[in-house]
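In our numbering, the protein residues as written are 29 to 1178.
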């Protein structure tokens, strides 16, 4: 049965258009429709339309078939008013002809669309479904038309063109409609683009945005990438049994990976990348064998939180698999022999996981493999030989592993289609084979940080397509001038730093006019920079560091055509030459952002042409022989935030204009400024001294500390109080100069300061006590001045070594073991005896005698006591005894502590700990030695205490000047010690004497979450690995601890300083919240947020800057930052302290 519809409606059905996403152009049918409409309308132009004559005139309708060339012989409707049968037959003939023309127009459109669609998938070939026009019977004439055109790769959306059209696809199946609504209910909790409302407006799911159906009404396509979905993937999606294509990428979907996605019987494409899915991939496919294997061709689960053993058995049931992307997760185990089960595999990306072991052979079965990427894992062994038999291979990317062996010259030549070869940061040996030049399509050669030797192939010019060469940090030798670069017209990066190349920069490289980065630093090269370097007009980075180049003036002249330069790294060259001061230098390199010209013994003054470089961020002219004053125009450079002029012969005063530097005075300007991400190694991390001494502390440009370094010059004058304006300053070094006057108290305003070195000057006065409020101060040095008075205590000052204060004879304090009381006494006058009465003299003599007797008795008691202590200690120490001198320097600070015991130790402390004395604590911490410091913060320092029986404790020495008095303090800590929870670090005991306050905790063997996320392994430079299962466990444990102190503990506790370094891990890896309740131990007038107790930058809630009251909500904010830190692996200060962006499309990036 065929529907009888008006001809105009039939034509409207043909006008439905399919529009692909960004890879398909919209095709307009206007011209085709108009041509057919004119023909139907005939000469009068009104045929087939509703009559405009009489109101009662019936509508004329024609019958149109979908698969037949014949018109219907009868129509529903009254034709009695038509006239004669001849006229009726004529109309049928005309409609038959018009229908034939319509079919031709539709076929023409179909061919046009097929030509327009890009059928090449990035990963596999798309399969295109033919467009069909179907007229189907229904109780009510449908009112929408669709052209179904399915292409699995692209997000093809179906659009309704107009009303009054024929329905060409059946309504969706009710079961699948309910399944989609159930899916949306679970997944669209945060959808912000109207999906919920749009899906609810129409009862037909085939009309919903992102949903595509087949001719029988079954859902075949669900595509909702980047739509803000934030819930979970409902198992109801398994009811979409006809589903072929599923794309839910770039959302924030969470929960375990649904196994049902693997087992949909007809699905070929599953893309759930860039979400927050967790758990493991299924290891087996139930029933897949009975069906002849899964239909899956493309699987993308990259950039999620998946973990566990990477599956191996499941791939036996995916023989049609073409593309597998599981990168950026935490899978462990080995790489299975996928090619045995999946011979059609074209793309395999397993990078950024924790996979280990050797790469198994079997790649010879993957004749279509184009991409193999498994970088940033722990793979070992050599590359399998049959990997080089895959002639289709285009991208081989395995950096940052431990792959060994050599690049075989015969094997590498087989990869004739290779475009990218990235084996950097591995353990490769041998040389770069000459046969690699026979790989004609090679564009990127990345072999940095291996153990490669030998010379470069002389026939480099054969690689005409080469764009990127990175061979740095190897042991290559030879003269680069013998290498021919003339054929490399596309070369943009040439990096051979840290090798043993000789000669000069090869002249042929100046023909590579597309060059953007040229780095030959740390070689044995020299000579002059040729004028031909001017041909490299696109050059941005030029590095000659650690060579022997000469003629710096000629080099700057030759660079005048390189107007795109942004970084000049020229240190350790041009020895003893004069730094040119011609104004034309700055005219030609105005875009430069980084100039590093240190340790070259350059002479002259700081050139004025530098003032023209208004984009300059980094200026390092240290270690030269520059003379004259520090120029005042430095203060006007709006983007400058790192200035190192140390080790020169500069004189005069520090210009006041430097106290107005924009990025140093404005926290907002610094937060809004993005210094970029140039990979440059020129500045050291100021708070990583050990790493710096071994050359590992280099920073990228985006991480360079805000610095003013004028040390080792001849600068005079005073330190201006205006220095307090430099709110973003992190490092200030003016040591080894002739500065005089007082240390300004305004330095206490520099909350971000990490290094303050004022040593070897002529400073007088006292050390401002408020400097102990600088919580981030890691290095403080005022040695060899003329300072006097007490050294501040509390804060970070308890960790600074005595050498930081030496050379100041009038200083006193616990830091240098010089009691301040001994320095304040005045010499008494000696009144003549003749003025003293006789009775007074007798009284004095008697008093002295009794005093001597008492002293003898006291000394005898002391000797007996000390002998007993030494005897007991010798028993405990196995005869070694205790070095009594250990306590000599502590007597002034702590009094006679030999008979004091810990006032309170809980039952959970253990038998040994419950009998502790203060002497035991001193011995266990090596007299609170700086070597025993394992943590620090606003409340004080934490020391590792190792008891005689091997028990290890953590002893927190609080800043006593801000604590409660003894009775109140004892009451509070006794209450805190009763707070017990499996996710809290328990307080085992405390000690009180005078201003001294000690808290005793169990030692957490696995350190802090901060250490695991940001610190390095002992031997390498990479942070430690935490898989996503461990991260989830840490998040759960820490949240339970916070919940307990907030809601379940009586009274409730506000933590005030939740951060990753206060989330500790016990021996089982369980998270425990530390430092809870310490805010209750401070004085009543410190109950508000103060400078030293404000928490840690990056974790501080914004409302603390307004209300100044710590709350549980503030704790929740800080804990949220910890969770972001846990998920992304980035420091909290990078989220909120520098303005850098951390967000991603999924909201769940590392």
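Every residue, glycine too, gets a C-beta built ideally from N, C-alpha and C. Just so it is clear, the structure is predicted and the values come from calculations on it, not from any experiment.
How do the region 1071 to 1079 and the region 1055 to 1062 stand: do at least 3 beta-carbon pairs fall below 8 Å, yes or no?
-> no
Assign residue 448 to buried or exposed, taking buried as 16 or more other Cβ atoms, counted over all protein chains shown, within 10 Å of its Cβ.
-> It counts as buried.
Within the chosen definition, does the region 758 to 772 reach the region 691 to 701 through at least 3 CB pairs nearer than 8 Å?
-> no
Count the C-beta pairs between the region 628 to 642 and the region 591 to 610 that are closer than 8 Å, then say yes if the count reaches three, no if not.
-> Segments in contact, yes.
Just tell me which of 961, 949, 985 has its CA closest to the CA of residue 975.
-> When each option's Cα is compared against that of residue 975, the closest is 949.
What residue does the beta strand (DSSP E) around residue 474 start on, and which one ends it?
-> 472 to 474
Tell me whether the beta-carbon of residue 490 lies closer than 8 Å to the beta-carbon of residue 453.
-> With respect to the 8 Å criterion, residue 490 and residue 453 are not classified as neighbours on the basis of their beta carbons.
Decide if the region 623 to 632 is in contact with the region 657 to 671; the criterion is three or more beta carbon pairs, one per stretch, under 8 Å apart.
-> Contact check between the region 623 to 632 and the region 657 to 671: fewer than three CB pairs, one atom from each, fall below 8 Å, which does not count as touching.
What is the rounded straight-line gap between the Cα of residue 533 and the Cα of residue 558?
-> 8 Å
Residue 835 and residue 813: beta carbons closer than 8 Å?
-> Contact: yes.
Rank 203, 1096, 257 by C-alpha distance to the C-alpha of residue 223 and give the top, closest one.
-> With distances taken between Cα atoms, residue 223 lies closest to 257.
In whole angstroms, what is the alpha-carbon distance linking residue 824 and residue 1054?
-> CA-CA distance, residue 824 to residue 1054, rounds to 30 Å.
Touch test, the region 1026 to 1038 against the region 1078 to 1089, Cβ-Cβ under 8 Å, three pairs minimum | With a cut-off of 8 Å on Cβ pairs, the region 1026 to 1038 is in contact with the region 1078 to 1089, counting three or more such pairs.
Within the 8 Å Cβ cut-off, does residue 583 reach chain B?
-> Looking for chain B here will not work: only one protein chain is present.
State the Cα-Cα distance for the pair residue 711 and residue 394, rounded to the nearest angstrom.
-> Unreliable positioning characterises residue 711 in this predicted model, as indicated by a pLDDT of 32, which lies under 50. The coordinate reading is nonetheless provided below. Going from the Cα of residue 711 to the Cα of residue 394 covers about 46 Å.
Going straight from the alpha carbon of residue 207 to that of residue 268, what length do you get?
-> 7 Å
Could you tell me the boundaries of the alpha helix (DSSP H) in which residue 290 lies?
-> 288 to 291
What does a CB cutoff of less than 7 Å around residue 567 pick up in its chain, not counting 5 residues either side in sequence?
-> 543, 544, 546, 590, 592, 593
From what residue to what residue does the alpha helix (DSSP H) around residue 361 run?
-> Per DSSP, residue 361 belongs to no alpha helix (DSSP H); it is in the beta strand (DSSP E), 358 to 361.
Helix or strand or just coil, what does DSSP make of residue 801?
-> In the three-state reduction of the DSSP assignment, residue 801 falls in the helix class.
Roughly how many angstroms lie between the CA atoms of residue 569 and residue 456, to the nearest whole one?
-> 28 Å
Return the bridge partner residues of residue 523 from the DSSP annotation.
-> Listed as beta-bridge partners of residue 523 by DSSP are 498, 547.
For residue 1076, does the count of other Cβ atoms within 10 angstroms reach 16, so buried, or fall short, so exposed?
-> exposed
From residue 1159 to residue 733, what distance separates their C-alpha atoms?
-> Whole-angstrom Cα-Cα distance: 15 Å.
Per-residue burial, residue 479 [other beta carbons within 10 Å of its own, 16 or more giving buried] = exposed
Do the CB positions of residue 351 and residue 374 come within less than 8 Å of each other?
-> yes
Run of the alpha helix (DSSP H) containing residue 1145, from where it starts to where it stops | 1140 to 1156
Segment contact, 8 Å Cβ cut-off, at least three pairs: the region 357 to 373 with the region 383 to 401 | yes
Count the other CB atoms, across all protein chains shown, that sit within 10 Å of the CB of residue 535; report buried if there are 16 or more and exposed otherwise.
-> exposed
So, residue 751 versus residue 775, is the Cβ gap smaller than 8 Å?
-> In terms of Cβ geometry, residue 751 and residue 775 form a close pair [threshold 8 Å].
Given residue 600, which residues of its chain have a CB within under 8 Å of its CB, disregarding the five upstream and five downstream residues?
-> 573, 574, 575, 626, 627, 628
What is the DSSP secondary structure of residue 827, counted as helix, strand or coil?
-> Secondary structure at residue 827: helix, using DSSP grouped into helix, strand and coil.
Of the residues 955, 1007, 399, the one placed nearest residue 826, counting alpha carbons only | The residue with the shortest Cα to Cα distance from residue 826 is 955.
Within the same chain, show all residues whose beta-carbon is closer than 7 Å to that of residue 1144, passing over the 5 residues directly before and after it, in chain order.
-> none
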